[in-house]
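Asker: Residue numbers (our numbering), protein chains in the order written: chain A, 1 to 463; chain Z, 1 to 226; chain B, 1 to 239. Think of the CB as a built atom: it goes at the ideal place given N, C-alpha and C, for glycine as much as any other residue. Just dropping this structure here.
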Amino acid sequence: MSDAKQIFIKDATLNAADGDQRAFIRKALGGYYVNRDLQKARYRDWERARDAASLAKWTAVNDLANQLEKFTANFERNGGIVHWARDSAEARAIILKIAADVNAKAIVKSKCMTSEEIHLNDALEKAGYGVVESDLGEFIQQLRGEPPYHFVFPCMHVKREAISELFTKHLGTAPTDSPEELTMIARRHLRQLYVDADIGITGANFLVAETGQISITENEGNARLTAALPRIHIALSGIEKVVNRLDDLAVLLPMLATAGAGQPMTCYNTLYAGPRKPGECDGPEQFHLVLLDNARTRLLADPEQRDALHCIRCGACLNVCPIFKNIGGLAYGTTYQGPIGSVITPHLRGLKQWNHLSSASSLCGACTDACPVRIDLHHHLLHNRRNAMKQSPSLFDRVFHAGFGFVMKRPALFALGGKVFLATLPLLKKLPLPYMSAWLKTRDLPVAPPKSFRDQWKDSAHG
Amino acid sequence: MADARSDILARIREALTVKAPKPHFKAEATAGQPVKVAKPWLPDGGETLDASLLILAEQLAKLKAVLIRVPDEAAAGQAVADLARAKAWKQVAYHGAPLVRPVAAALPCASWEADASFEKQKLEGCDASITSCESIVAQLGSILVSSASSGGRALSILPHVHVVVARVDQVVPDLATALAQLQAEHGAQMPSMLSFITGPSRTGDIERILVLGAHGPKELYLVLVG
Amino acid sequence: MRVSLFVPCFVDQLAPQVGLATAKVLKRLGHDVEFRAEQTCCGQPSFNSGQWDVAREGAIRALQVFRGAEVVVGPSGSCVAMIKKFYPELLKDTPHLAAAEDLAARTFEFSEFLVNQLGVTDVGAKFAKKVTYHDGCHALRELRLKEEPRQLLRAVKGLELIESEEGESCCGFGGLFSAKFPMISTAMVQVKGGALARTGADFVVSSDPSCLLQIGGWLSREGKPILPLHIAEVLAHDA
C-alpha cells in the first residue's frame, strides 16, 4: 500500500466516523444547492450552455500550442512579461528571482490553487518574505497552518467559534460568534497590507488568446486590490487555462459562477491587459505571468482523459460528491480535492501512489452531471483504475479476478459456486474473510434463500 | 538543455499528435453567428431596452445593489448628495468623467478627483468613490468598469462605498454584447483593467453564510440617468 | 414478444424472488419469458476494479449467450448499464464492437422496458402500502431513468409514493467499493438510509437489487422499520 493511501485510509476513517462534522458540511452546502438551482433555472437551456462551455475549452485545449503562442504574443504586446516553468521548482525559482530583482519585502496574495500546487508560500517564507493570503478563507487556513479544505471554499469545515479563537490568538481581537464581525476583523487587518505590499500574486482563471488578457474571478475584491495596489503583479497559471476568444467568456464566466457557487456571476470578473498604461493613474509597474506545465502535458498526452484539462475549477463536482461530503477535503491529501482531484492527481503525481483516490468512489456520477464543461469525471475514475491494473496490479487483485474470470466463463462451475456460496453463507459470515467481514461490520446480509433463481427456474415448469 | 518555453511547446505538440475526438454538440451550430442570436440558451437579457431594464432591476435587487433611476444629471447630483448626507460621508474620491464631475460638484462633503496619480493611503481613507462605467449587463446585473472609464484600478474597489453614474443607453442585454462592444471600441488597445462588478463585495467563507463587504465596497449604488 | 431474462448474480443467489417477479409481470402482460441458463456474471466487478481483460471475456460470453434474443430484460439498472453503456466501450477496439452495440440496443432495464418499449404503466398490480423510491445511480445517470419507475409505482392500486430528502444521493454500494472502503460506504448509507427511514414509508423500493442489498443491510442492522423491496416484487402483487 502506498504511503499516500495509508494516510488516506486513516484520515477518511476518522472523518467518516465524525457525524457532527459531516452534518456541518451538509448544512453548509444546503444554501448552495438552493441558489444553484435558482440560477440554473434562469438559463434558457442549461444543457446547451454546457455544450458551449465544453466546446470552448475543447477547442482551446486541442490547439494548445498555437493558442498559447498567440496568447503570449498578445500578452507581451500589452506590456506583460511571460515566464515558462516546466515544474514547481522552476516556477518557484522564477517568482523568487522577480522578488529579489525588485527588492520586495512584503507580498500579498489572492487565492491561487496553482500556488498551493507548487508550495509557493513555503518557498517565499524560507527566503524571508512576508506573505499574506488575502482571500478570507485562505487567510484563515494560513493562520491555521492547514491547506485548503475545498479549492473554492477553503475553510468551509471550520466553525465560527474556532475562527474567533484563531483571530483572538493571532490578531488579538475580542471573541465574537458573528460571521459578519469576523469578516470585518479580517477586512480591517488586511487593508493596510495591500497598501504596504510590494508584490501582489494572483492566479488566473482564463487566458484569452485573441486579446492577451488574463481573467480573474473572485467575490471578495481581494484579487482586485492585490492587482491594483502593489507595484509588481505576478500571476501564476497552468498552461491549460487558455480560451481562444474573448466571447468564450460570455458563456464561461456565468457558468463558472452558477455551477460553482450558485451565483449569476461572481462578484468581480476582471480582465488584465498588461501593467499600468501611460495615462492611467494607478496599477503595477510590472506585470509578470508564470505559465506552469507541472505534468499537465502528461495529462494532455492521454486523449481519453484530455478533457480533464477543460476544468475551470468551479468546485461543482466537490459540492455534489458524497465521498467529499463524508470524508472531507483534507483527507484527499491533494491540492485539488474531490472528483476532479481524484482524476488528475494520478497524472500530476503518479498513478501508483494516487490510484486509491480513483478506487475510493461508488462511481455514482453526480460529479459528471454537475460539471459545467462536461468532463467525464466518474468514467475517468474507471480509466485510472484500468490503467493502474495494467501498470502494477496487486497480487490479491490478480488472483481474485483471475479466479473470478475463470468461473465466469464456466456456467456449470458458476452455478455450482453459487450453490456452495448459498449453502455455506451462514458459515462464511463468521469467518474473517477480507470483503465479507468489512461488509458485516456495519451491515447485515439477507438470509440465504434455499435455492438460487436458476435452480428455482429449472425446477418450475419453465425449465 | 532547451529553454522551458520551447520544451513545453514541444511537449504540447507531441501530446496533441494523438487526436481527441471532437464532441458533437448542438451548440456548435450557432458558433460564428451574430451575438444577438448566438447564445439563446444563457439567461435572458431582454429583447428591448425596457425588457432589459426590468431584468437589470431584478438582478440588482437580488444582488443587494441599489438602483437609483433619475431623469437627468441634476437629479443624479441631488440623489448622490442625499446619500452622502444620509451616510455622513466626509471624503469622496471620484473619476473626472463628464457624467461624474457635476455629481461630485453637488456633494455636501470634501471630494477630490482621482485621475492624476494619488496616495494610496489617501484613497484608503475615503468613505466612497464615484465613477462612470463602460456598460451595464442586464442579463447578470453586472457593471463593467475599466481603468479608463472608472479612474484606474483602485478607485472602484478600495473605498467602502462605490457609486456608479451611467446613462440608460449604456445598458446592454447580455455579457456577449458587452464583450463585443469592448472589442469594437478598444480593439487591440484594451484598458489594462476591465472588471465586471456584480453586486457589492461578498464572502461566504465562514460557514457559507453571506457577508457583504469582504474586501471591496460593502455598498454598491447604480445611478441610472435618463 | 419473447423476452430473455438477464438475471444479475445478486438476484440469482440472494434475491431469486426478484427474478421470478420480473418473469411474472412480463407473463401477465402476455409475453413469453425465457432464461438462458448459460448466463453468468456481466463482468462488472472486474470492470469496476480495472480488470478490463477479465471483464472483456465476460462481455464476449454474454454476447454469445444472448445472441438471437429478441429483447433482453434485466431487473437491475446497474447490470443493464454494464451491457448498454460499458460493453461497447470495453469492446471498442475489437471485432466484437458491432455485436456489443447490437446487444446494447436490444437490452433494457425492467422499468425502462415496460414504460418506454411496451408503453405500459399500469401492469395491474395492487399494493396498499406507503413506499419511497431510491434511484440507483446507474439507472438514474447512465440510463437516464427517473420517471419510468415512478410512473409504474403511481399506477399501482393503493400504493402511496413518498419522495425522500437526499433523493438523488448514492446509497454508497458501488460494488466492491462497499467492502474496500467500508467506512465511506457506511457513511453514505447512513445519510441515504436515514433519509429513507424518515419518510415513514413501509418499503424502500428500487430497480436495483444491489442498492437494496446495501440499504436493506444497513436498515436491518440499525433496526429501522422500513424494508427493502424490488420494484418487480411490487408490480408482481396481483390486483
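At a cut of 8 Å, does the stretch 150-161 of chain B reach the stretch 120-129 of chain B through at least three beta carbon pairs?
Answerer: yes
Asker: Report the rounded CA-to-CA distance for B:Gly43 versus B:Val11, giving the unit in angstroms.
Answerer: In the third sequence, the residue the question calls residue 43 of chain B occupies position 43. In the third sequence, the residue the question calls residue 11 of chain B occupies position 11. Spanning the alpha carbons of B:Gly43 and B:Val11 requires a straight line of approximately 15 Å.
Asker: Give the interface partners of B:Gly174 over in chain A, defined as CB-CB distance under 9 Å, in chain order.
Answerer: Within the third sequence, numbered from 1, the residue matching residue 174 of chain B stands at position 174. Against chain A, the beta carbon of B:Gly174 has neighbours under 9 Å at Ser361, Ser362, Leu363, Cys364, listed in chain order.
Asker: Using the beta-carbon of each residue, which ones in chain Z are nearer than 8 Å to A:Leu14?
Answerer: Taking the first residue of the first sequence as position 1, residue 14 of chain A is located at position 14. Within 8 Å Cβ-Cβ: nothing; A:Leu14 doesn't reach chain Z, min ~22 Å.
Asker: Using a Cβ cut-off of 9 Å, pull out every chain A residue sitting near Z:Gly152, in sequence order please.
Answerer: Position 152 of the second sequence holds residue 152 of chain Z. Ala228, Arg276, Glu280, Cys281, Asp282, Gly283, listed in chain order.
Asker: Mind the definition here: the stretch 184-197 of chain Z touches the stretch 2-19 of chain B only if three or more C-beta pairs lie below 8 Å; say whether that holds.
Answerer: Cβ pair count under 8 Å is below three, so no.
Asker: When you compare each of Z:His95, Z:His160, Z:Ser52, Z:Pro102 to Z:Gly152 by their alpha carbons, which one comes out closest?
Answerer: For the purposes of this step, residue 152 of chain Z is taken as the residue at position 152 of the second sequence. Each of Z:His95, Z:His160, Z:Ser52, Z:Pro102 was checked against the Cα of Z:Gly152, and the nearest Cα belongs to Z:His95.
Asker: Need the endpoints of the beta strand (DSSP E) that B:Asp32 sits in, please.
Answerer: Counted from its first residue, the third sequence places residue 32 of chain B at position 32. Counting along the chain, the unbroken beta strand (DSSP E) around B:Asp32 starts and ends at 32-35.
Asker: Cβ of A:Leu68 less than 8 Å from any chain Z Cβ?
Answerer: Walking along the first sequence from the start, residue 68 of chain A turns up at place 68. Chain Z, which has a Cβ nearer than 8 Å to the Cβ of A:Leu68, makes this yes.
Asker: Am I right that B:Ala59 and B:Ala100 are in contact with their C-beta atoms under 8 Å? What's the rounded C-beta distance?
Answerer: Within the third sequence, the letter at position 59 stands for residue 59 of chain B. Within the third sequence, the letter at position 100 stands for residue 100 of chain B. With 8 Å as the limit, B:Ala59 and B:Ala100 qualify as a contact, their Cβ atoms being about 7 Å apart.
Asker: Given A:Phe167, which residues of its chain have a CB within under 7 Å of its CB, disregarding the five upstream and five downstream residues?
Answerer: Numbered from its first residue, the first sequence carries residue 167 of chain A at position 167. Result list for A:Phe167: Thr173, Leu182, Ile185, in chain order.
Asker: Which one of B:Arg144, B:Ser178, B:Cys171 has the shortest CA to CA distance from B:Asn116?
Answerer: In the third sequence, residue 116 of chain B corresponds to position 116, counting from 1. Minimum Cα distance to B:Asn116 is reached at B:Arg144.
Asker: What residue range is occupied by the uninterrupted alpha helix (DSSP H) comprising A:Lys109?
Answerer: Taking the first residue of the first sequence as position 1, residue 109 of chain A is located at position 109. Unbroken run through A:Lys109 is the beta strand (DSSP E), 106-109; no alpha helix (DSSP H).
Asker: Of all the residues that make up the stretch 9-36 of chain B, which are near chain A by a beta-carbon distance shorter than 9 Å?
Answerer: Cys9, Val11, Asp12, Gln13, Leu14, Ala15, Pro16, Gln17, Val18, Gly19, Leu20, Ala23, Val33, Glu34, Phe35
Asker: If you measure from the beta carbon of A:Tyr268 to each beta carbon in chain Z, is any gap under 8 Å?
Answerer: Against the first sequence, residue 268 of chain A aligns to sequence position 268. Yes, because at least one Cβ of chain Z sits closer than 8 Å to the Cβ of A:Tyr268.
Asker: What does A:Tyr336 touch in chain Z if you count any residue whose Cβ is under 9 Å from its own?
Answerer: Taking the first sequence and counting its residues from 1, one reaches residue 336 of chain A at position 336. Those do not exist, as A:Tyr336 stays about 19 Å from chain Z at its closest Cβ, beyond 9 Å.
Asker: Measure the Cβ-Cβ separation of Z:His160 and Z:Asp127 and say whether it is below 8 Å.
Answerer: Numbered from 1 along the second sequence, position 160 holds the residue referred to as residue 160 of chain Z. Numbered from 1 along the second sequence, position 127 holds the residue referred to as residue 127 of chain Z. It is a contact, given that the beta carbons lie within the stated cut-off.
Asker: From the DSSP secondary-structure annotation, give me the bridge partner or partners of A:Ile81.
Answerer: Position 81 of the first sequence holds residue 81 of chain A. The partner list for A:Ile81 (beta bridge, DSSP) reads A:His288.
Asker: If you draw a straight line from the alpha carbon of A:Leu236 to that of A:Ile81, how long is it in whole angstroms?
Answerer: Locating residue 236 of chain A in the first sequence gives position 236, where the first residue counts as 1. Locating residue 81 of chain A in the first sequence gives position 81, where the first residue counts as 1. Going by the C-alpha atoms only, they are around 12 Å apart.
Asker: Alpha carbon to alpha carbon, what distance is there between A:Asn66 and A:Gly238?
Answerer: Working through the first sequence from its first residue, we reach residue 238 of chain A at position 238. Working through the first sequence from its first residue, we reach residue 66 of chain A at position 66. Rounded to the nearest angstrom, the two C-alpha atoms are 16 Å apart.
Asker: Let me know if A:His380 comes out buried or exposed under the rule of 16 or more other beta-carbons within 10 Å of its beta-carbon.
Answerer: In the first sequence, counting from the first residue as 1, residue 380 of chain A sits at position 380. Classification of A:His380: buried, given that the 10 Å Cβ count is 16 or more.
Asker: If you draw a straight line from the alpha carbon of A:Met389 to that of A:Gly341, how long is it in whole angstroms?
Answerer: By 1-based counting over the first sequence, the position of residue 389 of chain A is 389. By 1-based counting over the first sequence, the position of residue 341 of chain A is 341. Whole-angstrom Cα-Cα distance: 20 Å.
Asker: If you draw a straight line from the C-alpha of B:Arg221 to the C-alpha of A:Lys441, how long is it?
Answerer: Working through the third sequence from its first residue, we reach residue 221 of chain B at position 221. Working through the first sequence from its first residue, we reach residue 441 of chain A at position 441. Going by C-alpha positions, B:Arg221 is about 10 Å away from A:Lys441.
Asker: Is B:Phe240 near B:Ser207, with beta carbons less than 8 Å apart?
Answerer: Only positions 1 to 239 of chain B appear in the structure, and residue 240 of chain B is not among them; the question remains open.
Asker: Could you tell me if A:Phe396 is buried or exposed, where buried requires 16 or more neighbouring beta carbons within 10 angstroms of its beta carbon?
Answerer: Walking along the first sequence from the start, residue 396 of chain A turns up at place 396. Exposed.
Asker: For the stretch 226-254 of chain A, list every residue whose C-beta sits within 8 Å of some C-beta in chain Z, in sequence order.
Answerer: Against chain Z - using a Cβ distance shorter than 8 Å - the residues of the stretch 226-254 of chain A are Ala227, Ala228, Leu229, Ile239, Leu246, Asp247, Leu249, Ala250, Val251, Leu253, Pro254.
Asker: If you follow the alpha helix (DSSP H) that B:Tyr87 is in, where does it begin and where does it stop?
Answerer: Locating residue 87 of chain B in the third sequence gives position 87, where the first residue counts as 1. Per DSSP, B:Tyr87 belongs to the alpha helix (DSSP H) from 87-90.
Asker: Using 8 Å as the cut-off, can you tell me whether the stretch 167-174 of chain Z makes contact with the stretch 292-305 of chain A, which would need three or more C-beta pairs spanning the two stretches below that distance?
Answerer: no
Asker: Mind listing the chain Z neighbours of A:Glu116? Cutoff is C-beta to C-beta under 9 Å, in chain order.
Answerer: Counted from its first residue, the first sequence places residue 116 of chain A at position 116. Residues of chain Z passing the Cβ test: none, with the nearest at roughly 16 Å.
Asker: Taking 8 Å as the threshold (C-beta atoms), are Z:Leu224 and Z:Ile68 in contact?
Answerer: Taking the second sequence and counting its residues from 1, the one referred to as residue 68 of chain Z is at position 68. Taking the second sequence and counting its residues from 1, the one referred to as residue 224 of chain Z is at position 224. Yes, they are a contact pair.
Asker: What number of angstroms, rounded off, separates the C-alpha of A:Gly262 from the C-alpha of Z:Ala176?
Answerer: Taking the first residue of the first sequence as 1, we reach residue 262 of chain A at position 262. Taking the first residue of the second sequence as 1, we reach residue 176 of chain Z at position 176. So the alpha carbons of these two residues sit roughly 20 Å apart.
Asker: What in chain A is Cβ-close to B:Glu57, meaning under 9 Å?
Answerer: By one-based count along the third sequence, residue 57 of chain B stands at place 57. Those are Gly405, Met408, Lys409, listed as they occur along chain A.
Asker: Beta-carbon within less than 8 Å of A:Gly463's beta-carbon, same chain only, minus the 5 sequence neighbours each way: which residues are those?
Answerer: Locating residue 463 of chain A in the first sequence gives position 463, counting from the first residue. Confidence at A:Gly463 is low in this model, with a pLDDT of 48, below 50, so its placement is unreliable and the value that follows should be read with caution. The beta carbon of A:Gly463 sits closer than 8 Å to those of Trp457, all from its chain and outside the five residues before and after it, given in chain order.
Asker: Would the stretch 2-10 of chain B count as touching the stretch 79-96 of chain B if we require 3 or more Cβ pairs under 8 Å?
Answerer: yes
Asker: Are the CB atoms of Z:Gly45 and Z:Ala138 within a distance shorter than 8 Å?
Answerer: Within the second sequence, residue 138 of chain Z is the residue found at index 138, counting from 1. Within the second sequence, residue 45 of chain Z is the residue found at index 45, counting from 1. Closer than 8 Å, so yes.
Asker: Mind listing which residues of the stretch 3-34 of chain A have their C-beta closer than 9 Å to chain Z's C-betas, in chain order?
Answerer: Correct list: Phe24, Lys27, Ala28, Leu29, Gly30, Gly31, Tyr32.
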